[in-house]
Structures are given as C-alpha cells and as structure tokens.
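Encoded as structure tokens, the structure appears first; notes follow it.
Residue numbers (the numbering used here): 20 to 587.
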C-alpha cells in the first residue's frame with residue numbers, strides 16, 4: 020500500500036476465511052494458535068493455518084476473531100471487521116468463520132507490504148511445518164519463484180505471438196494457466212470450482228465430466244502440455260465400467276458424482292444413464308495424444324483397459340434400425356435421443372480404436388471397429404442430414420414403429436460433425452449447416468457472440484428469441500470460429516475467426532478468466548467462472564488459428580517464390 024497524503028498512517032488488512040471443510044459447515048473447529056500466532060481451522064484430516072506478515076521479520080497475525088455464522092443474530096465473523104477492531108475471540112466450533120488482521124505502518128509518501136498465506140495439510144504438524152518454511156524462506160522468495168516458474172510454463176509456445184495480437188496472446192497464456200489450476204494431480208480435470216451456482220441448484224461444477232476432460236486434454240496436448248494429460252487418461256482407464264461406458268460425472272477422487280440421469284424408464288426397464296460422447300471422446304483424445312508423441316509404452320496399459328473396453332461397447336450399443344448409436348443424453352445433459360454430436364464422437368472413438376488395434380497388430384479387431392464406424396458414418400449422412408432444410412439436424416428419435424422424428428433446432432453442437440472428422444469442414448453440407456448456425460445463433464445485440472441453441476433456457480434472460488436465441492457462450496462462439504479457421508484459404512479469410520477470438524478477449528474478466536456464458540445485454544459473466552471448457556476451447560482455437568495462418572503463409576511463399584516477393 021502507498022501513502023498519497025504525505026503523512027504516516029497505520030493500515031489494517033483483514034482476511035476472512037469461511038471453510039466448509041469436507042464440503043459442509045457441520046462440525047468445523049477453529050482456534051487461535053499462539054505458537055504460530057495464526058488461526059487454525061480443522062475437521063477430521065483437513066487442517067488450514069492462516070497467518071500473515073507486516074514486513075521484515077514481523078510474522079503472525081496482528082489480531083483475530085473466530086465465531087459462529089449463519090445463525091440467528093450471527094451473520095458471520097466478517098461483521099467484526101467492519102469497525103477495524105477484532106474481538107480476539109480465540110475458539111469456536113460448528114458453523115464458523117474467522118477473520119485475521121495484519122497491520123502495517125505506511126511512512127509519509129512511502130509504501131508498506133502486508134502478506135497473508137494459508138497452509139493446508141492433513142494434521143496440525145503439517146501446517147505448522149509449512150508455516151515455518153514460509154517464515155524461513157520469506158513470502159517474497161516463494162512469490163518470486165512461483166512467478167518465474169509459471170511464466171516459463173505459460174511461454175512454452177512462443178510462436179503463437181507471431182500470428183495474433185497481444186490481447187489474444189495474453190488470454191491464451193492466461194488460459195493455459197487457468198486450465199492447469201483445474202487439473203487434479205491424480206488426473207481429474209474439473210469443470211469449474213466456482214461456488215456461485217450453489218444458490219441455484221445446491222450443487223457445483225466441481226466434477227470431472229469425461230467429455231469436458233477429453234476436450235481439455237486435447238487442448239493441452241495441442242499446446243504442448245502432454246505431460247499434464249497422461250494422468251487423465253489413466254484415470255479414465257480406472258473409471259470405465261466393465262460393460263465399457265463412462266458415466267455422467269465423477270468427483271475429483273474418482274468416485275461417482277451426483278447425477279440427474281435415471282437408470283430406468285417409467286415402466287421400470289433398465290436405461291443406461293449415460294452421455295455416450297463421454298465414452299467416445301476420451302478414446303479419440305487418447306489417439307490424438309499418441310499420434311503427437313508416439314509413446315507406445317504409455318499407451319500399452321490403456322489399450323485393453325480403456326480403448327478395447329470402450330470400443331467394444333460403442334460398436335454394439337446401437338439403434339438396430341438405423342445402425343446409429345443407441346439413444347443417450349446429449350452433451351448439454353438435457354434430452355435423450357440420437358444426437359449428431361454424440362454420433363460424431365462415437366464415430367471418432369471407434370476410428371481411434373481401429374487405429375490403436377492396427378498399431379497393436381490386431382487386424383481382425385481393427386476391421387470390426389472400422390466396419391462399425393463406417394456403418395455409423397453412412398447412417399449419419401442418411402438420417403441426420405435434412406435435404407429439405409439443406410443442413411444437418413441435431414437429434415433424431417426412432418419411434419417403436421420405426422418412424423424417425425427429427426429435432427431440427429439449430430444447435431452449435433452440430434459443429435461436432437467436423438470437429439471430430441466425420442466430415443471435413445470444407446464439405447458443402449457442413450458449410451451450409453454452419454451458415455445456419457451463424458445466422459440463427461448470433462446474438463443481435465452490441466454484446467455479440469454465439470448462443471448454444473435456439474431458445475436456450477439455461478440462465479435465460481431474454482424472451483426475444485429472434486435477437487437473443489440464448490446467452491452467448493464462449494464454447495459456442497469458439498466452435499464457430501473453429502469452422503471459419505478450418506476453411507480459411509487466404510489471410511483475409513482469417514479476419515472473421517480472429518474477430519471471434521478478439522470477442523473472447525474483450526468479454527473476459529479483467530483477470531483473464533472466462534465464464535461459461537455472458538449476459539446478452541450487459542456482457543457480464545453468467546454461471547460459473549472460470550469454466551475450464553471455455554479456456555480449453557480458446558486454447559484449441561488459437562492453436563488452430565496459428566497453424567492455419569502458418570500454412571496459408573507457407574503456401575503464399577511457395578506461390579510467389581519465383582516472383583521475388585517477400586511474404587512477412
């Protein structure tokens with residue numbers, strides 16, 4: 020803090036800690052520890068020590084308060100800080116919170132620094148030793164070392180800066196860092212760790228969705244961080260069921276997460292509560308990973324456990340009349356049917372499994388997977404294509420009498436057909452579909468961006484569907500950009516996708532964080548922030564943009580080489 024008035028002053032900093040250890044506020048305890056001059060929160064095998072420094076060798080909290088919260092007449096201990104004085108109440112248990120204070124003296128026209136830190140462990144001795152280490156090495160040394168390490172980590176692909184302006188390049192680096200914070204060291208890639216949504220549905224996004232995880236892992240692999248993604252694939256190998264499918268979502272430790280997908284039909288018959296793209300995409304992403312580094316020793320233990328088990332399921336879990344994948348829930352987790360996105364993901368997973376089978380010399384197995392993938396592709400081009408509308412439909416349902424009912428709602432998930440390679444982005448059927456997506460899902464307000472689908476009800480703020488078909492999502496906007504990048508042939512063709520990348524940079528929070536969606540009239544973030552998937556989609560789009568830009572420039576150099584022109 021800096022004094023601008025020209026007189027010495029005492030400035031007090033307060034840190035509020037509201038733990039909810041083990042995810043709830045029942046039975047928490049906290050006390051002031053005079054040995055470390057810190058506040059310690061604990062429950063079971065979870066300990067947190069909160070301390071601070073006012074500079075130099077002055078370590079420990081200047082004052083503190085611990086008390087109950089969310090009770091009649093007891094909003095929380097944070098109220099105690101409002102007058103600048105803390106009660107120094109030394110212990111509390113139950114539903115509790117605490118406030119720690121560090122006071123510094125700021126000289127006239129001078130500066131002073133206050134630092135807080137939290138030590139986490141499974142026992143008091145763990146957090147006490149960490150606190151001692153901070154004091155011995157000093158907070159400044161930890162901050163400098165951490166800053167240097169992650170700056171080096173985020174600058175792994177410096178060539179990106181050659182193709183994009185500074186704001187987009189900066190958000191790219193920030194996105195890689197944000198993604199890394201959401202990856203558990205045991206492999207789980209968490210969708211989001213924002214607790215704001217607790218107010219709406221009493222649950223969070225703090226889960227591993229195998230689909231999100233696969234797309235995030237692929238983005239990290241594209242960016243050169245394959246060492247981070249390996250644990251994710253190993254975890255998927257542990258999570259896949261013996262029947263060959265991955266379930267809805269999982270807790271960070273790999274246990275099954277909460278779900279709203281039923282295991283039975285209304286008349287009591289078994290109905291798998293799955294989104295089948297979540298089985299196909301990890302296998303697709305694993306092949307992309309292997310194809311980049313060719314580490315067969317890494318793949319070997321996953322081949323039977325994940326690849327073959329999942330592919331055997333996908334090859335047989337089919338709707339018999341169309342030969343498409345059998346009904347499951349869509350990627351938005353809202354409706355059951357046979358979806359274009361899921362179909363493309365299953366095709367991609369089977370194609371990847373075929374490639375692995377060839378690599379391992381199992382040619383009969385490779386043939387079986389290839390036949391299943393081809394049948395699914397052929398069926399998709401018949402049943403999901405709507406010649407009258409001149410585009411693909413997002414979902415079909417097959418009635419008991421064999422009648423096919425189409426859901427022609429325009430949905431950005433149709434991008435999956437080219438994203439996973441079922442058809443090339445340049446195919447005229449894809450072009451016409453993506454033109455309809457851009458026309459019908461563009462937000463026609465100054466905020467801009469692309470919605471998920473027409474009349475999207477999730478966090479809906481407008482009934483003017485013609486102008487605001489839904490809130491703009493970063494993932495939706497970036498998937499449209501991906502198509503424009505993939506079909507670009509000239510430097511000028513890259514202007515439109517670059518504008519969408521710039522839109523993301525402008526709609527990010529000042530910290531560089533991307534939410535799930537933004538308000539269509541104010542641009543304010545909606546739902547969780549950060550959403551790992553949003554950052555992964557941005558990293559993927561930037562990588563593809565840079566590669567396409569490089570390819571176009573190389574082609575131009577080849578064309579003008581004999582003319583003596585210089586292409587920069």
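Cβ atoms here follow ideal geometry from the backbone N, Cα and C, with glycine treated the same way.
Because the structure is a prediction, the values reported are computed rather than measured.
Asked                                                                                                    : Found
Length of the line joining the Cα atoms of residue 151 and residue 166                                   : 21 Å
According to DSSP, residues forming a beta bridge with residue 241                                       : Note: residue 241 sits in no beta bridge, so no partner.
Residue 10 versus residue 210: straight-line alpha-carbon distance, rounded                              : Residue 10 lies beyond the range of the chain shown here (20 to 587); nothing can be said about it.
is_contact[residue 325, chain B] using C-beta, thresh 8 Å                                                : Looking at the structure shown, chain B is missing, and only one protein chain is on hand.
Candidates 518, 247, 395: closest to residue 467 by CA position                                          : 518
Residue 633 and residue 344 closer than 8 Å at C-beta                                                    : The chain is shown from 20 up to 587; residue 633 falls before or after that span and cannot be answered.
Per DSSP, the bridge partner or partners of residue 172                                                  : None; residue 172 has no bridge partner.
Residue range of the beta strand (DSSP E) that includes residue 414                                      : 414-417
Residue closest to residue 178, alpha-carbon to alpha-carbon, out of 567, 310, 141                       : 567
Bridge partner(s) assigned by DSSP for residue 453                                                       : Looking at the DSSP assignment, residue 453 forms no beta bridge with any residue, so it has no partner.
Beta carbon of residue 48 nearer than 8 Å to that of residue 84                                          : no
Same chain, Cβ closer than 8 Å to residue 125, five either side skipped, listed in chain order           : 20, 21, 22, 27, 28, 29, 30, 131
Cβ-based burial, residue 551 [other Cβ within 10 Å; buried from 16]                                      : buried
Per-residue burial, residue 382 [other beta carbons within 10 Å of its own, 16 or more giving buried]    : exposed
According to DSSP, residues forming a beta bridge with residue 93                                        : 90
At least 3 beta-carbon pairs within less than 8 Å: the segment 423-435 vs the segment 471-488            : yes
Nearest candidate by alpha-carbon position, reference residue 261, set 324, 300, 277, 226                : 324
Straight-line Cα distance separating residue 135 from residue 378                                        : 53 Å
Simplified DSSP state of residue 31, which is helix, strand or coil                                      : strand
C-beta contact flag for residue 269 and residue 207 at 8 Å                                               : yes
Residue 420: CB within 7 Å of a non-hydrogen atom of the ligand COA                                      : Of ligands this structure carries none, so the ligand COA is not represented either.
Distance, residue 70 Cα to residue 161 Cα                                                                : 15 Å
For residue 247, the nearest candidate out of 487, 214, 203, 119 (CA to CA)                              : 203
Counted within 10 angstroms of its Cβ, other Cβ atoms place residue 82 as buried (16 or more) or exposed : buried
Proximity below 8 Å, CB of residue 19 to CB of residue 359                                               : Any property of residue 19 remains undetermined from this structure, which presents the chain solely from 20 to 587.
Top-ranked residue by Cα proximity to residue 253, from 229, 267, 417                                    : 229
Unbroken beta strand (DSSP E) run spanning residue 52, endpoints                                         : 47-52
First and last residue of the uninterrupted alpha helix (DSSP H) at residue 143                          : 143-156
Range covered by the alpha helix (DSSP H) that runs through residue 435                                  : 435-438
Simplified DSSP state of residue 464, which is helix, strand or coil                                     : coil
Residue 68 - containing beta strand (DSSP E), residue span                                               : 65-72
Whole-angstrom C-beta distance between residue 112 and residue 80, which should lie under 8 Å            : Not quite, the Cβ-Cβ distance comes to about 20 Å (not below 8 Å), so this is no contact.
Exposure label - residue 347; buried when at least 16 CB within 10 Å                                     : buried
Residue from 392, 483, 196 whose Cα sits closest to the Cα of residue 531                                : 196
Reduced DSSP secondary structure (H/G/I, E/B, other) of residue 578                                      : helix
Cβ distance (whole Å) where residue 109 is taken to contact residue 66 below 8 Å                         : Between residue 66 and residue 109 the Cβ distance is about 17 Å, and since that is not below 8 Å, they are no contact.
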